[in-house]
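Chemist: Before I ask anything, here is the structure I am working with.
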Amino acid sequence: MKSLLTLILSAALLAAPALADNHTMQETDNAITYAFDGAFDDATFAVESAIVGKGLVIDYVSHTGAMLERTKADVGSDVTIYDGADIFLFCSAQISREVMEPDPMNIAFCPYGIFVTDKEGEVRVGYRKYPDGDMQKVQALLDEIVQEAVAN
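Per my numbering, residue 68 is the first one in the sequence shown, and the count goes up by one each step.
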């Protein structure tokens with residue numbers, strides 16, 4: 068099983084530079100994002116389609132951008148952070164079992180999320196980074212879904 072995971076991760080790493088040429092990848096300490104060539108609504112549709120296309124069920128969509136905009140005056144701010152920002156939350160029974168059987172405390176990372184942001188017309192799709200070890204299986208799944216969404 069580990070050799071299969073190594074093969075999958077290696078293939079993803081080899082494909083990443085080609086994708087990054089067309090869909091600029093940015094990596095921070097906490098997240099990996101890819102540029103989306105299109106409108107925010109098109110990106111959210113592409114992410115939803117990619118998640119459902121994997122046979123996964125979206126548990127919740129957090130409209131974080133709308134919440135931040137709606138509450139900015141309530142917290143004493145006049146800054147618009149995003150023109151749009153949604154987070155799609157879901158789980159994978161297969162991958163979750165694979166990461167929680169060896170370490171039940173990996174439940175802390177579930178559900179998994181993919182976010183779409185729009186800041187001044189720059190639309191990005193991404194996910195949080197996960198720790199080394201078993202949780203890299205989750206990160207590989209998220210990267211696969213995001214790459215599919217930005218390629219459409």
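Every residue gets a Cβ at the ideal spot worked out from N, C-alpha and C, and that includes glycine.
1) Identify which residue in M167, T184, Q203 and M202 has its Cα closest to the Cα of T100.
2) With H, G and I counted as helix, E and B as strand and the rest as coil, what does DSSP make of T95?
3) Note the first and the last residue of the continuous alpha helix (DSSP H) segment covering K204.
4) Does DSSP put I174 in a helix, a strand or coil?
5) What is the residue span of the alpha helix (DSSP H) that A160 lies within?
6) Based on the DSSP secondary-structure assignment, which residues constitute the bridge partners of K196?
Modeler: Walking through what the data contain:
1) Ranking M167, T184, Q203 and M202 by Cα distance to T100 puts T184 first.
2) Here T95 sits in coil by DSSP.
3) Residues Q203 to A218.
4) I174 falls in the helix class under three-state DSSP.
5) Unbroken alpha helix (DSSP H) run through A160: A160 to M167.
6) For K196, which the question treats as bridged, DSSP gives no partner whatsoever.
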